[in-house]
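Undergrad: Quick note on the working numbering: the sequence shown kicks off at 7 and runs consecutively.
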Amino acid sequence: IEGRKVFSNILKYVRMGASSNFGNMFSVLGASVFVPFLPMAPIQILANNLLYDISQTAIPTDEVDPEQIEKPRPWDIQSLARYILFIGPCSSVFDYVTFFVMLTLFKCANVSTPEAAAQSASLFQTGWFVESLLTQTLIIHIIRTNRIPLIQSMASWQLVVTSAIIILIGIGLPFSPIGRDLGFTALPALYWPILALILFGYFALTQGVKMWLLKKKWI
7 IEGRKVFSNI LKYVRMGASS NFGNMFSVLG ASVFVPFLPM APIQILANNL LYDISQTAIP
67 TDEVDPEQIE KPRPWDIQSL ARYILFIGPC SSVFDYVTFF VMLTLFKCAN VSTPEAAAQS
127 ASLFQTGWFV ESLLTQTLII HIIRTNRIPL IQSMASWQLV VTSAIIILIG IGLPFSPIGR
187 DLGFTALPAL YWPILALILF GYFALTQGVK MWLLKKKWI
């Protein structure tokens with residue numbers, strides 16, 4: 007039974023990392039085509055990955071749903087590939103929504119002068135960094151169970167606390183001295199309710215795709 011729990015948590019980690027990186031690949035490639043500056047600076051990508059990795063360190067403590075340990079589960083690479091191919095792009099959908107919002111509503115496409123270009127780049131990068139980190143952290147709680155997260159299946163308190171800490175760091179980092187050193191800038195007040203809608207949409211879409219895959223018995 008303990009071995010099945012360990013296997014289940016290992017599978018969670020692989021699904022999270024692979025689907026997240028797969029989605030980020032599409033987002034970076036797309037943004038590089040139509041954004042007139044680096045969509046995220048290298049040091050910001052490293053910070054994002056570091057914080058996301060920290061949020062996953064509590065996975066070994068996580069609870070496992072009873073149906074996941076009823077019988078031994080094989081290592082099914084085809085099931086994993088389908089999971090990555092369908093779940094991964096869900097994050098890209100809302101990354102592109104964030105790009106559109108930052109470029110149009112918050113005028114990050116303004117590169118008419120070097121000063122304007124630097125300000126636009128910093129604001130765009132900050133907006134995407136926060137959205138990316140929060141969506142990646144939330145996806146942990148969707149991928150960790152085949153049930154409805156937070157309602158039918160609750161993560162371990164360690165994983166909940168770790169996720170909450172990373173979310174708070176992601177929200178507060180742009181307003182901190184460390185954030186300024188990383189090239190971030192304070193986000194406008196309107197950004198936050200828009201982000202809340204993006205997170206809700208992302209949660210709903212990913213959960214819907216997961217349930218569809220389960221119904222087809224593809225994962």
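Idealized CB from N, CA, C, for every residue including glycine.
Owing to the predicted nature of the structure, the values given are computational and were not obtained by experimental measurement.
Could you check the C-alpha separation between residue 175 and residue 141 for me, to the nearest Å?
TA: Working through the sequence shown from its first residue, we reach residue 175 at position 169. Working through the sequence shown from its first residue, we reach residue 141 at position 135. Residue 175 and residue 141: Cα-Cα distance of roughly 14 Å.
Undergrad: Checking 8 Å against the spacing of the C-beta atoms, do residue 18 and residue 145 come in under that value?
TA: Mapped onto the sequence shown, residue 18 falls at position 12. Mapped onto the sequence shown, residue 145 falls at position 139. Contact flag unset, no.
Undergrad: Closer than 8 Å, CB to CB, is residue 33 near chain C or not?
TA: Note that chain C does not occur in the displayed structure, where there is just one protein chain.
Undergrad: Between 169, 71, 164, 203, which lies nearest to residue 58 when the distance is taken from Cα to Cα?
TA: As a working mapping, residue 58 is identified with position 52 in the sequence shown. Comparing Cα positions, the closest option is 169.
Undergrad: Let's test the definition: count the other Cβ atoms within 10 Å of the Cβ of residue 79 and tell me whether it reaches 16, buried, or not, exposed.
TA: Taking the sequence shown and counting its residues from 1, the one referred to as residue 79 is at position 73. By the 10 Å Cβ count, residue 79 comes out exposed.
Undergrad: Measuring alpha carbon to alpha carbon, tell me which residue in 9, 8, 21 is nearest residue 152.
TA: For the purposes of this step, residue 152 is identified with residue 146 of the sequence shown, where counting begins at 1. When only C-alpha atoms are compared, the closest one is 21.
Undergrad: Over the uninterrupted alpha helix (DSSP H) stretch that includes residue 125, give me the two end residues.
TA: What you label residue 125 is simply residue 119 of the sequence shown in a count that begins at 1. Element bounds for residue 125: 120 to 149.
Undergrad: Can we say the segment 21 to 37 touches the segment 89 to 97, given the rule of at least three CB pairs closer than 8 Å?
TA: Contact between the segment 21 to 37 and the segment 89 to 97 is present, because at least three Cβ pairs lie under 8 Å.
Undergrad: Which stretch, first to last residue, makes up the alpha helix (DSSP H) that contains residue 8?
TA: On the sequence shown, position 2 is the one that residue 8 refers to. First-last of the alpha helix (DSSP H) with residue 8: 8 to 40.
Undergrad: Quick test of the definition: if touching needs 3 or more C-beta pairs under 8 Å, does the segment 100 to 116 touch the segment 189 to 200?
TA: Output reads yes: the segment 189 to 200 touches the segment 100 to 116.
Undergrad: Grab the span of the alpha helix (DSSP H) containing residue 79 for me, first residue to last.
TA: Within the sequence shown, the letter at position 73 stands for residue 79. Here residue 79 belongs to no alpha helix (DSSP H), and DSSP marks it neither H nor E.
Undergrad: By Cβ distance below 6 Å, which residues in the same chain neighbour residue 89 in space, the five residues on each side in sequence not counted?
TA: Against the sequence shown, residue 89 aligns to sequence position 83. Cβ neighbours of residue 89 beyond the five flanking positions: 21, 225.
Undergrad: Can you tell me whether residue 187 is buried or exposed? The criterion is at least 16 other CB atoms within 10 Å of its CB, across all chains shown.
TA: Stepping through the sequence shown from its first residue, residue 187 is reached at position 181. When all chains shown are included, residue 187 counts as exposed.
Undergrad: List the endpoints of the continuous alpha helix (DSSP H) containing residue 177.
TA: Position 171 of the sequence shown, counted from the first residue, corresponds to residue 177. Run containing residue 177: 163 to 178, per the alpha helix (DSSP H) assignment.
Undergrad: Please state whether the Cβ-Cβ distance between residue 15 and residue 68 is less than 8 Å.
TA: Position 9 of the sequence shown holds residue 15. Position 62 of the sequence shown holds residue 68. Yes.
Undergrad: Output yes or no for whether 8 Å exceeds the beta carbon distance between residue 41 and residue 130.
TA: Locating residue 41 in the sequence shown gives position 35, where the first residue counts as 1. Locating residue 130 in the sequence shown gives position 124, where the first residue counts as 1. Cβ distance < 8 Å, so residue 41 and residue 130 count as in contact.
Undergrad: Are three or more beta carbon pairs between the segment 115 to 128 and the segment 36 to 56 nearer than 8 Å?
TA: With the cut-off at 8 Å, the segment 115 to 128 and the segment 36 to 56 touch.
Undergrad: What residue range does the alpha helix (DSSP H) around residue 61 cover?
TA: In the sequence shown, the residue the question calls residue 61 occupies position 55. Per DSSP, residue 61 belongs to the alpha helix (DSSP H) from 48 to 61.
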